[in-house]
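Heads up, the thing below is written out as structure tokens.
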Ligand code: C5P
């Protein structure tokens with residue numbers, strides 16, 4: 010039997026991360042948040058004093074990435090968000106991260122990101138495209154940041170930044186954000202995390 014791989018893609022704050030984590034526990038396989046890879050590459054470029062949009066600097070940072078980079082505490086927040094989206098449009102960065110992601114999935118895994126069903130694991134047994142309206146997603150992100158405390162940008166700012174990042178992810182030439190042809194669409198606009206999990210479980214039972 011082929012190891013079980015689940016590909017979960019979708020825009021920012023769609024609920025895909027929480028869903029991926031819970032599904033992995035339920036299915037007894039490891040989970041990889043692939044956004045962390047791009048975030049860590051973006052951070053490395055910033056550490057080097059370079060521009061995340063600089064293809065050469067970004068590719069060098071991706072090649073030099075080590076697992077410990079994924080444990081950094083500064084991978085969230087507006088600066089990391091923007092740097093991640095910039096390095097993510099560089100083909101050399103995506104190529105450097107591809108091998109690691111595929112190896113991670115070798116004995117079964119849940120991966121979440123933007124191009125898992127389309128590029129990283131095109132043969133995944135289950136593909137989910139998790140989405141929600143922009144206002145709902147911006148509200149979620151706002152609440153998430155408030156719960157974490159500290160300096161929180163206002164709602165309008167968060168929504169504008171999120172819309173810009175989604176647009177960049179959807180329209181870039183390299184592995185743009187889009188549902189795979191065989192992905193099930195899961196709109197979480199009116200679902201909480203447990204309801205989303207229940208829907209995903211139903212889809213998985215029907216697919217397997
Ligand atoms: O999912 P997360 O918001 O952490 O991802 C940060 C950024 O990394 C995204 O906006 C996207 O540009 C990039 N990304 C990607 N492909 C993935 C995961 C993330 O391009 N598989």
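In the UniProt record's numbering, the protein residues as written are 10 to 217. C-beta atoms are modelled at their ideal positions from N, C-alpha and C, and glycine is treated no differently.
Return yes when at least one heavy atom of the ligand C5P lies under 8 Å from the C-beta of residue 173, else no.
no
According to DSSP, residue 18 sits in a beta bridge with which residue or residues?
122 and 138
DSSP three-state call for residue 67: helix, strand or coil?
helix
State yes or no: is the C-beta of residue 68 within less than 9 Å of the C-beta of residue 99?
yes
Leaving aside the five residues before and after residue 142 along the sequence, list all residues of the same chain whose C-beta is less than 7 Å from its C-beta, in chain order.
198
Please determine if the segment 37 to 53 and the segment 74 to 86 are in contact, where contact requires at least 3 C-beta pairs separated by less than 8 Å.
yes
If you pair each beta-carbon of the segment 25 to 33 with each one of the segment 95 to 114, do three or more pairs fall below 8 Å?
no
Check whether the segment 31 to 46 and the segment 151 to 170 touch, using three or more Cβ-Cβ pairs below 8 Å as the test.
No, they do not touch.
Less than 6 Å between C-beta atoms, sequence neighbours within five positions excluded: which residues of the same chain meet that for residue 185?
179
Cβ of residue 43 within 8 Å of any heavy atom in the ligand C5P?
yes
Quick check: does the Cβ of residue 46 come within less than 8 Å of any heavy atom belonging to the ligand C5P?
yes
Heavy atom of the ligand C5P less than 8 Å from the Cβ of residue 178, yes or no?
yes
Does the Cβ-Cβ distance between residue 62 and residue 101 come in under 9 Å?
no
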